[in-house]
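Quick note, the working numbering runs 22 ahead of the 1-based positions in the sequence shown. Glycine included, each C-beta is placed from N, C-alpha and C at the ideal position. Only one structure is covered here, and it is reproduced in the block below.
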Amino acid sequence: MQILKLVHIDGFIDGGSSKPLLITAVDEAGNVNQYVMKLFKKNYVDQNFSIAKEVLISELAKEFNLSVPNYAVIDIDHSLLIEYFDNDELEKLDSGYKFCSEFNGQYVIFNPLVSLQFIKSYDIANLFAFDNVIINSDRGGFRNKPNLLVNDDEILLIDHEQTLPFINNSYSNPNYFTYLQNYPFQRHLVITHLKSMRLKNGIFDEFLEMLKHLNIERFISIFDELDYLKINFGDRDDFFLFLEWLKSKRIPICNHLIGIIK
23 MQILKLVHID GFIDGGSSKP LLITAVDEAG NVNQYVMKLF KKNYVDQNFS IAKEVLISEL
83 AKEFNLSVPN YAVIDIDHSL LIEYFDNDEL EKLDSGYKFC SEFNGQYVIF NPLVSLQFIK
143 SYDIANLFAF DNVIINSDRG GFRNKPNLLV NDDEILLIDH EQTLPFINNS YSNPNYFTYL
203 QNYPFQRHLV ITHLKSMRLK NGIFDEFLEM LKHLNIERFI SIFDELDYLK INFGDRDDFF
263 LFLEWLKSKR IPICNHLIGI IK
């Protein structure tokens, strides 16, 4: 995981409940880029493990050939933020590492009325399946936010702190399939397109195959990095139990997905 050094703060960027800032920073290899830096409140990080989820879901997306921005973390002195936040807001911010995703200015916000015609059907299916299993309430959802960028025929997934609601400091022994069944898929930004497709047989076959080969062990080193950086993730076993469920129940999961797009 790359640790950035700040060059300068460029200002607020539109959108985002965490009031993200656009920054210029240098990575460990000396590369200078712009990043979107998220600023979560401490109570939200403690309750929801928001920064850890951004990292973990970014890595999980790669297991399903779904693209995400390059990401990194940065430790920043809050005194540098007084131009952007008042004292009360600064006191509420989490003081640890901040999650940063590389700014991709060549991408635009996804518009289902325009973008879907340029994206491969299996990418749309994988995106929908992925959001269902991670219980992503923020890709369409009740706030109608796509949290998806598009460039020609490529999609880029962003913003994943509002996922895995059963992994926080309150829940224990969750029923994953109940969460899956209760997921508000009707509000997902690609559901209308999937339902309108004439040929749906095998639409989730690629997702099923990738679930079969899901590399759970790869996440051990990721948790070790989070632990080293003191980024709160709760109990790592909660995440591994979820991944094991995903892999072992891949057939009923995909059968459920086929059922809801008919």
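Helix, strand or coil at residue i [DSSP, three-state]
i	result
F121	strand
K167	strand
Y155	Note that residue 155 is Val in the sequence shown here, rather than Tyr. The answer is helix: DSSP assigns V155 an H, G or I state.
D174	coil
V90	coil
V212	coil
I146	helix
G281	helix
L179	strand
L115	strand
M232	helix
I73	helix
R272	helix
K217	helix
I242	helix
P304	Within the shown structure, residues of the chain are numbered from 23 to 284, placing residue 304 beyond reach of any answer.
I79	helix
P196	coil
N109	helix
K252	coil
D257	coil
N262	With the sequence shown as reference, residue 262 is identified as Phe, and Asn is not the correct amino acid for it. Residue state, collapsed to three classes: helix.
P140	In the sequence as displayed, the identity of residue 140 is Phe instead of Pro. DSSP places F140 in helix when its eight states are reduced to three.
K222	coil
Closest residue to residue i among the options (Cα-Cα distance)
i	options	result
T200	V130, Y250, I156, P168	I156
L171	L28, S89, L279	S89
L103	E113, V95, A94	E113
L327	K41, E50, F34	A question about residue 327 goes unanswered here, because the residues of the chain that appear run from 23 up to 284.
Y205	F121, I96, E183, L279	L279
S72	F107, H100, D116	D116
K63	D110, Y198, Q139	D110
I146	F121, I213, N173, S101	I213
S243	F125, D227, E81, I275	E81
F107	G33, F132, K84, A94	G33
H100	L43, G256, Q184, C276	L43
D174	Q184, L186, Q139, F188	Q139
L251	K60, V77, N70, L61	V77
I45	N65, N169, Q69, E124	E124
P187	S40, Q69, E239	Q69
F241	I225, D227, F262	F262
G224	Q24, Y144, F207	Y144
Y198	D227, D246, D260	D260
L28	R258, V48, I275, D227	V48
V95	C276, E228, I282, Q56	Q56
Q184	Q24, H30, Y66, M23	Y66
D97	G118, I273, M23	G118
I35	N53, V58, Q208	V58
I141	Q208, L216, E247	L216
I273	E228, L211, D246, K120	E228
L202	N126, N158, I253	N158
Paired residues, beta bridge with residue i - DSSP
i	result
I25	V95
L61	In the DSSP output, where bridge partners are listed per residue, L61 has none listed.
Q184	Its beta-bridge partners do not exist; DSSP assigns none.
V54	V48
F34	L43
G127	None; G127 has no bridge partner.
G162	K167
Check whether the segment 221 to 241 and the segment 146 to 160 are in contact - that is, three or more C-beta pairs closer than 8 Å.
yes
Does the segment 175 to 187 touch the segment 75 to 90, meaning 3 or more C-beta pairs lie closer than 8 Å?
yes
At a cut of 8 Å, does the segment 186 to 195 reach the segment 210 to 225 through at least three beta carbon pairs?
no
The segment 266 to 283 in contact with the segment 235 to 244 per 3-pair CB rule at 8 Å:
yes
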